[in-house]
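Protein chains in written order, with my numbering: chain E, 953 to 1048; chain W, 23 to 507; chain D, 47 to 140.
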């Protein structure tokens, strides 16, 4: 009799951990993506506009990425989007 | 629970909403009160109640200028705030790390009015923008929770999208507690959506550089690297201020000068924030030696003025009293909406985690930000009238009363929640709010009796009426809890 | 005055919107009467409120229009809630 609820709780716990780790990845990704936009627009006269738009897009990006189904979410990250974002941010920050 | 879009969004909304919400209720309540920070400061300086309404005179300005020169000679950084419709006195202000404080001078002759020292409404402004934790860490936390609020709003919209329009006005107080709290949360959330998105987004943009310290932009409202007094190149400011004031008025218009800053090489007359929707810091500079106009410096123009637009929208200092009341009501309802969300969160988790320390703490934090904070705010107002006006550093003592009272209420909530009496704890704190709120007009009357109290429609009556209204609301709220629904 | 007229328009429009919703109709125990009129009020009055608000200067006009939507919604919601509580009492009593 106890196997059912215990199994459900374990499943819920696993889902909770998966969503938490997904959330952490997404927040880091969105932060870097926004930072990349800020650096790209840094020297333009309309930088202030890009910075304002970036701050609106960041929470939107977090929600959209969190809304993606599991397969599509993994695909998005495996496709190299994260590498591009990381690369742009790092390049613009003068790390390379 | 399955991994569906609705569940994912529900998880994101509830956890981001709860964790950010505990801080956001404080930020929103502080911001709501800070909408009338100047008026609250006036209420907290009852000596100003009997001051006759007079226009600023050249004599008063020159006298204030002499006092500023003395301060400048002593190496103190201060500025002179000019009388306005909201605050009819001259003020010599300096930043004490949390608020701009200093003596108030008569606009008629520049004499010291000997008002009591208080942080006044600026305590709420500091609580709102940096949680009273300074401009670096405090700003960063409020910035993070602002982004958290936007995430909670967007995910909430996805969850509720189908019923967004049909259930716009649906509130069923007779339904099960969880359902009626959800109705209240949704109704207030959707109706306040334009205000919440505008105020959160503009706030996030204003303090954006705190979250991205590696970028610099024109959004920051403060000049971070202002030069301090330069004694080596100090230039004695001997010129009277009144002729400069006349020239500054010719540039920005009558009544549009907000404050005067004294630099080693210049005296700058800044345009008032109330002068225009776009909040820029345009100023006319004069030579302190002979009062000669050096130049006029205008703030950002064109696309660069976006920062000023954001600040104008957020602070609404350009607005009429009616607009400030609109912001106040929307802010109060926004706080209530978030508190309803926090209550919903704990109701939802009572079934699975009832009796655990984690839930007791969640209940206690929810209670102490929802009711504890307004009680502490009223306690702050009470302390203003009960602490002797001439006591040294009484402004810091008032702030201590506010935070100690809030801490006591948190401890009360923790103890009562831990003992499983959370409902009684809500009632007790609601009673505290009712007593302090309903008693404030009486305290105001008694403490101003000696200084010629007269019943009239002014800031004192407005603050008293608001406190009384919130007190009555709290009394009604506790009676609703007592019904044990 | 402008704010008051805008508020009145929004309250009327949102009340009409509420009365058109099946859930609220069930709570109030009313049918879908005067549907056409309510729909017209719901569509026209927000535009009237906007036109009235536009007599103010620009950012204030927009803030006023949106602010009155929020306040009007709270008032209309309050009226509908009171009506639904009253409509429920006889049924509970019976």
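The beta-carbon is built from N, C-alpha and C at its ideal position, and this holds for glycine as well.
- Take the alpha-carbon of residue 216 of chain W and the one of residue 146 of chain W: they are about 23 Å apart.
- In the DSSP assignment, no residue is bridged to residue 70 of chain W.
- Under the DSSP assignment, residue 280 of chain W falls in the beta strand (DSSP E) whose first and last residues are 279-284.
- Every alpha helix (DSSP H) stretch that sits fully inside the region 35-67 of chain W and reaches 4 residues is listed by chain position as 59-65.
- With respect to the 8 Å criterion, residue 110 of chain W and residue 79 of chain W are not classified as neighbours on the basis of their beta carbons.
- Interface residue (Cβ-Cβ distance to chain W less than 8 Å): residue 116 of chain D is classified as such.
- Residue 193 of chain W and residue 214 of chain W do not touch by the CB rule: their CB atoms are close to 14 Å apart, not below 8 Å.
- For residue 308 of chain W, the enclosing beta strand (DSSP E) begins and ends at 305-308.
- For residue 418 of chain W, the enclosing alpha helix (DSSP H) has its first and last residue at 416-440.
- DSSP places residue 361 of chain W in the helix class (H, G or I) of the three-state scheme.
- Proximity of residue 30 of chain W to chain E, defined by a Cβ-Cβ separation below 8 Å, is satisfied.
- Taking 7 Å as the Cβ-Cβ cut-off, the region 999-1033 of chain E approaches chain W at 999, 1000, 1001, 1003, 1004, 1007, 1008, 1010, 1011, 1012, 1014, 1015, 1018, 1019 and 1022, given in chain order.
- A residue is called buried once 16 or more other Cβ atoms fall within 10 Å of its Cβ, and residue 989 of chain E is buried on that count.
- Along the region 160-187 of chain W, the positions whose C-beta sits under 7 Å from a C-beta of chain E are 169, 172, 173, 176, 177 and 180, read in chain order.
- When secondary structure is reduced to three states using DSSP, residue 317 of chain W falls in the strand class.
- In this structure, residue 167 of chain W lies near residue 49 of chain W, with their beta-carbon atoms less than 8 Å apart.
- The C-beta distance from residue 74 of chain D to residue 130 of chain D rounds to 6 Å, short enough to meet the 8 Å contact threshold.
- Excluding residues up to 5 positions away in sequence, 203 and 388 lie with their Cβ nearer than 7 Å to the Cβ of residue 365 of chain W in the same chain.
- Fewer than three beta-carbon pairs drawn from the region 437-444 of chain W and the region 462-473 of chain W are found closer than 8 Å, and the two stretches are therefore not classed as touching.
- Within the region 335-364 of chain W, those residues whose Cβ lies closer than 9 Å to any Cβ of chain D are, in chain order, 335, 338, 340, 341, 342, 344, 345, 348, 349, 351, 352 and 355.
- Any Cβ of chain E closer than 8 Å to the Cβ of residue 326 of chain W would place that residue at the interface, and such an atom is present.
- The beta carbon of residue 984 of chain E does not come within 8 Å of any beta carbon belonging to chain W, so the residue lies off that interface.
- Linking residue 98 of chain W to residue 309 of chain W through their CA atoms gives a straight-line distance of about 19 Å.
- With a contact defined as Cβ atoms closer than 8 Å, residue 123 of chain D and residue 56 of chain D miss out at about 12 Å.
- Taking 4 residues as the minimum length, the alpha helix (DSSP H) runs contained wholly in the region 442-505 of chain W are 444-469 and 481-504, in order along the chain.
- Counting only Cβ-Cβ distances below 9 Å, residue 65 of chain W has no contacts in chain E at all, with the closest Cβ about 36 Å away.
- Ranking E/1011, E/969 and E/987 by CA distance to the CA of residue 1002 of chain E puts E/987 first.
- Under the three-state reduction of DSSP, residue 80 of chain D is assigned to coil, being neither helix nor strand.
- Against chain W, the CB of residue 87 of chain D has no partner CB under 8 Å away; the residue lies outside that interface.
- Residue burial is scored here from C-beta neighbours: residue 113 of chain W has at least 16 other C-beta atoms within 10 angstroms and is therefore classed as buried.
- Annotation for residue 393 of chain W: no beta strand (DSSP E) segment contains it, and DSSP assigns it neither H nor E.
- CA-CA distance, residue 155 of chain W to residue 87 of chain D, rounds to 50 Å.
- Residues of chain W whose Cβ lies closer than 9 Å to the Cβ of residue 71 of chain D do not exist, since the nearest Cβ in that chain is about 11 Å away.
- Under the 8 Å Cβ criterion, the region 444-460 of chain W counts as touching the region 492-507 of chain W, having at least three qualifying pairs.
- Within the same chain, 500 and 503 come within 6 Å of residue 449 of chain W by CB-CB distance, once the 5 residues on both sides are set aside.
- With respect to the 8 Å criterion, residue 143 of chain W and residue 59 of chain W are classified as neighbours on the basis of their beta carbons.
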